[in-house]
Amino acid sequence: MVRIQQAYFFVAILTVTAVASGAQAQRPKVVVLSFAGAGGATARVQVVRALKGQADFATKSDADRVIDDRGLRIGTGAGRAELSDVLDVDYIFWGRVKGKGSSARTEIRVAGRSGQALTGYEAGAPGTSKGNRLIQEAARTALAEVLELAPPGKSKRKETAAVVATEVSVPTGAAAATTATAPAPPKTKPRPEPRADAKKKSKKKTKADGVTTLPVFEIFVGGGPRLRNIDFDVGDGSGGTESRTFDSGAYADVGGYFLVRPLGRSDNPALQGIVIQGDGGVGFGLNAQPQGTGITNSVSTWRALGQVGYLYPLRKGLQVGGLVGAGVDTFDIDVNSVLPSIQYIYVRVGAALSYMIFKEFVGFRVDGGFRKPFSLGDLEDAFGNNSSAIGFDATAMVGGKLDIGFTYGFRFIWEYYKTDFSGATDPQQPSFSGGPGSGTDSAMTYQFLVGWSL
């Protein structure tokens with residue numbers, strides 16, 4: 003009898019050990035990707051904390067390397083499926099933070115080995131004790147749900163569209179009670195209804211496809227030195243030419259630009275690329291003293307350019323495209339016998355390339371364009387009513403943004419016009435010429451910019 007009891011005892015021990023080993027073997031492997039938006043890094047940390055002890059992790063650095071090396075688009079099921087295969091993970095967690103401050107909302111999404119989104123939850127604002135708690139609760143609840151929908155190790159070929167669950171929000175004011183240990187996967191018991199004090203908007207559905215990292219609005223303002231050099235050779239009335247020049251040296255210039263992506267939150271990359279951009283600047287402290295006159299003339303200068311265009315996000319961090327628009331560049335000087343006031347009113351067409359080198363913190367953008375002025379201001383009266391010009395420009399900027407939305411940049415702008423003067427002149431203009439000529443007008447601007455993005 004004693005031997006029989008001992009045999010049962012050993013069988014029980016072996017059974018418990020086997021069950022424990024099987025449970026350990028079935029612990030899921032996950033990777034938690036970046037969360038877009040202001041406070042995204044904090045939201046991701048809360049998700050990782052919630053899943054510790056309940057899952058094994060593939061590192062984010064390994065995931066980022068695979069995404070970069072293979073040019074994966076995590077916003078697509080195919081991209082997520084390939085990442086799951088390479089990292090051998092059962093689930094991919096990703097998301098974004100919408101809005102800022104205490105009113106922000108955190109979206110959490112989970113995909114299985116097939117790359118297909120399995121579930122999604124919405125929680126509170128990261129960075130606050132209440133918001134962090136709700137994010138952790140939502141992450142644990144999402145894991146419990148996908149463990150039932152697509153158990154760990156299940157072949158991606160066996161996952162069907164039927165497992166895509168409607169995304170239900172974790173209410174801002176309350177969430178289902180959870181513990182520090184892993185919640186048991188739901189069986190046949192229906193999901194509990196939200197508490198009565200939950201906000202109605204917490205039931206809204208979210209899109210199941212990928213998360214955009216493109217801001218919908220960026221603005222930069224700042225200033226720095228600007229240099230302008232005007233060098234015209236015009237007829238002197240006796241068959242020769244004379245030089246009319248202006249060299250500003252460095253003067254203070256305040257300027258900046260804004261960029262709007264009307265559909266930057268779209269899950270369709272083709273729509274994200276539509277952009278509206280505005281540039282401008284104004285100079286301070288300029289004056290000129292025509293040689294031999296002893297008279298100081300005040301000078302004012304300003305410029306503005308509005309454009310629409312397309313910057314297509316080819317892969318993570320890379321955008322290429324072009325812009326078209328119209329602008330005005332003004333050089334206004336007191337009446338004198340050397341130079342008239344100038345106002346280039348022009349159309350522009352150009353190309354652009356943008357690339358983020360290190361996440362969103364450091365990147366660069368380069369632009370180049372052709373300008374065709376259709377009005378030259380007082381130049382036409384002074385140097386010939388059939389005068390014409392063509393222009394070129396180039397811009398290079400290094401900058402980036404922080405998670406909170408703060409942006410910065412260092413920008414260099416080069417602008418150049420080549421002019422040809424011909425036609426009748428107006429003798430009432432004190433600076434009129436006596437015959438045809440040509441010349442150049444160029445400017446270089448250096449700017450340090452700060453701003454905000456949404």
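Residue numbers (our numbering): 3 to 456. Just so you know, even glycine gets a beta-carbon here, dropped at the ideal spot from N, CA and C.
Alpha carbons only, please: which of Ala306, Val223 and Met358 is nearest the one belonging to Leu320? As a first step, residue 320 is located in the sequence shown; it is residue number 318 there, counting from the start. Comparing Cα positions, the closest option is Met358.
Please say whether Phe414 and Thr397 have beta carbons closer to each other than 8 Å? Counted from its first residue, the sequence shown places residue 397 at position 395. Counted from its first residue, the sequence shown places residue 414 at position 412. Result yes, Cβ atoms of Thr397 and Phe414 sit closer than 8 Å.
Would you check if the distance between the CB atom of Asp331 and the CB atom of Arg305 is smaller than 8 Å? Here residue 331 is taken as the residue at index 329 of the sequence shown, counted from 1. Here residue 305 is taken as the residue at index 303 of the sequence shown, counted from 1. Yes. Within cutoff.
Residues in the same chain with beta-carbon distance under 6 Å from Asn387, minus the five sequence neighbours each way, listed in chain order, please. For the purposes of this step, residue 387 is taken as residue 385 along the sequence shown, with counting starting at 1. These residues qualify, in order along the chain: Gly425 and Ala426.
By the three-class DSSP mapping on this structure, what secondary structure does Asp66 have? The count along the sequence shown starts at 1 and reaches residue 66 at position 64. Helix, per DSSP.
What span of residues does the alpha helix (DSSP H) with Val364 cover, start to end? Taking the sequence shown and counting its residues from 1, the one referred to as residue 364 is at position 362. That residue, Val364, is in no alpha helix (DSSP H); its beta strand (DSSP E) goes Val364 to Gly379.
Anticipated Cβ contact below 8 Å, Val91 with Val34, distance rounded: Translated into the one-based positions of the sequence shown, residue 91 becomes position 89. Translated into the one-based positions of the sequence shown, residue 34 becomes position 32. The C-beta distance from Val91 to Val34 rounds to 10 Å, too long to meet the 8 Å contact threshold.
So what's Ala455 in DSSP terms, helix, strand or just coil? Here residue 455 is taken as the residue at index 453 of the sequence shown, counted from 1. Residue 455 is actually Ser in this sequence, not Ala. The answer is strand: DSSP assigns Ser455 an E or B state.
Check whether the Cβ atoms of Ser435 and Phe450 lie closer than 8 Å to each other. As a working note, residue 435 is residue 433 in the sequence shown. As a working note, residue 450 is residue 448 in the sequence shown. Their beta carbons are not under 8 Å apart, which means Ser435 does not touch Phe450 by this criterion.
For Gly77 and Ala140, what's the separation of their Cα atoms in angstroms? Taking the sequence shown and counting its residues from 1, one reaches residue 77 at position 75. Taking the sequence shown and counting its residues from 1, one reaches residue 140 at position 138. The alpha-carbon atoms of Gly77 and Ala140 are separated by roughly 21 Å.
Burial state of Asp395, where buried means 16 or more other Cβ atoms lie within 10 Å: For the purposes of this step, residue 395 is taken as residue 393 along the sequence shown, with counting starting at 1. By the neighbour-count criterion, in which a residue is buried when 16 or more other Cβ atoms sit within 10 angstroms of its Cβ, Asp395 is buried.
Find out if the Cβ-Cβ distance for the pair Glu220, Thr44 is shorter than 8 Å. Taking the sequence shown and counting its residues from 1, one reaches residue 220 at position 218. Taking the sequence shown and counting its residues from 1, one reaches residue 44 at position 42. A distance of 8 Å or more separates the beta carbons of Glu220 and Thr44.
Contacting residues, own chain, Cβ-Cβ under 6 Å from Asp233 (five flanking each side not counted): Numbered from its first residue, the sequence shown carries residue 233 at position 231. Counting only Cβ-Cβ distances below 6 Å, and skipping sequence neighbours, we find Thr247, Gly441 and Thr442.
Under 8 Å between the Cβ atoms of Val218 and Arg267? In the sequence shown, the residue the question calls residue 218 occupies position 216. In the sequence shown, the residue the question calls residue 267 occupies position 265. Yes. Within cutoff.
Determine, using beta carbons only, whether Gly41 and Val99 come nearer to each other than 8 Å. As a working note, residue 41 is residue 39 in the sequence shown. As a working note, residue 99 is residue 97 in the sequence shown. Contact flag set, yes.
Which residues in the same chain as Gly133 place their Cβ atom closer than 6 Å to its Cβ, once the five residues preceding and following it in sequence are excluded? The count along the sequence shown starts at 1 and reaches residue 133 at position 131. Result list for Gly133: Gly126 and Ala127, in chain order.
Could you spell out the range, first to last residue, of the beta strand (DSSP E) harbouring Val218? In the sequence shown, the residue the question calls residue 218 occupies position 216. Unbroken run through Val218: none, as it is neither H nor E.
Limits of the unbroken beta strand (DSSP E) element including Arg350: The sequence position of residue 350 within the sequence shown is 348, counting from 1. Ile344 to Phe360 is the span of the beta strand (DSSP E), which, as asked, contains Arg350.
Burial state of Ala152, where buried means 16 or more other Cβ atoms lie within 10 Å: Position 150 of the sequence shown, counted from the first residue, corresponds to residue 152. Buried is the call here.
Could you give the DSSP three-state label for Asp331: helix, strand or coil? Taking the first residue of the sequence shown as position 1, residue 331 is located at position 329. Shown here, Asp331 sits in a strand according to DSSP, grouped into three states.
To which residues does DSSP link Ile482 through a beta bridge? Here the chain has residues from 3 to 456 only, and residue 482 is not among them.
For the beta strand (DSSP E) containing Asp255, name the first residue and the last one. Counting from one through the sequence shown, the residue named residue 255 turns up at place 253. Thr243 to Val262 is the extent of the beta strand (DSSP E) around Asp255.
With distances taken between CB atoms, is the gap from Leu273 to Leu265 smaller than 8 Å? Position 271 of the sequence shown, counted from the first residue, corresponds to residue 273. Position 263 of the sequence shown, counted from the first residue, corresponds to residue 265. Closer than 8 Å, so yes.
In terms of alpha-carbon separation, which member of Ser105, Arg115, Gly114 and Leu53 lies closest to Glu124? On the sequence shown, residue 124 is found 122 positions in, with the first residue counted as 1. The option with the nearest alpha carbon to Glu124 is Ser105.
Determine the DSSP secondary structure at Val47, reduced to helix, strand or coil. The sequence position of residue 47 within the sequence shown is 45, counting from 1. Secondary structure of Val47 (DSSP, three-state): helix.
In terms of residue numbering, what span does the alpha helix (DSSP H) encompassing Lys132 cover? As a position in the sequence shown, residue 132 is number 130, starting the count at 1. Per DSSP, Lys132 belongs to the alpha helix (DSSP H) from Ser131 to Leu151.
C-beta atoms of Thr108 and Glu147 nearer than 8 Å: As a first step, residue 108 must be located in the sequence shown, where it is residue number 106. As a first step, residue 147 must be located in the sequence shown, where it is residue number 145. Taking 8 Å as the Cβ cut-off, Thr108 and Glu147 do not qualify as a contacting pair.
Val310 by DSSP, collapsed to three states: which one? Taking the first residue of the sequence shown as position 1, residue 310 is located at position 308. Val310 falls in the strand class under three-state DSSP.
Cβ contact check for the segment 249-260 and the segment 46-64: 3 or more pairs under 8 Å: No, the segment 249-260 does not touch the segment 46-64.
List the DSSP bridge partners of Ala83. One-based indexing of the sequence shown puts residue 83 at position 81. Bridge partners of Ala83: none, in fact.
CB of Ala391 within 8 Å of CB of Tyr346, strictly: Taking the sequence shown and counting its residues from 1, one reaches residue 391 at position 389. Taking the sequence shown and counting its residues from 1, one reaches residue 346 at position 344. It is a contact, given that the beta carbons lie within the stated cut-off.
Given a threshold of 16 other Cβ atoms within 10 Å of its Cβ, counted over all protein chains shown, does Gly287 qualify as buried or as exposed? Working through the sequence shown from its first residue, we reach residue 287 at position 285. Burial call: exposed.
Using the rule of at least 16 other Cβ atoms within 10 Å of the residue's Cβ for burial, across every protein chain shown, is Phe222 buried or exposed? Within the sequence shown, residue 222 is the residue found at index 220, counting from 1. Buried is the call here.
Span of the beta strand (DSSP E) holding Gln288? Counting from 1 along the sequence shown, the entry for residue 288 is found at position 286. The residue asked about is misnamed: residue 288 is Leu in this sequence, not Gln. It is not in any beta strand (DSSP E) - Leu288 carries neither H nor E in the DSSP assignment.
In terms of residue numbering, what span does the alpha helix (DSSP H) encompassing Ala119 cover? Counting from 1 along the sequence shown, the entry for residue 119 is found at position 117. Counting along the chain, Ala119 falls outside any alpha helix (DSSP H), though it belongs to the beta strand (DSSP E) covering Ala119 to Ala125.
Quick one: residues in its chain with C-beta nearer than 7 Å to the C-beta of Lys361, no 5 flanking neighbours on either side, listed in chain order? Position 359 of the sequence shown holds residue 361. Correct list: empty, nothing qualifies.
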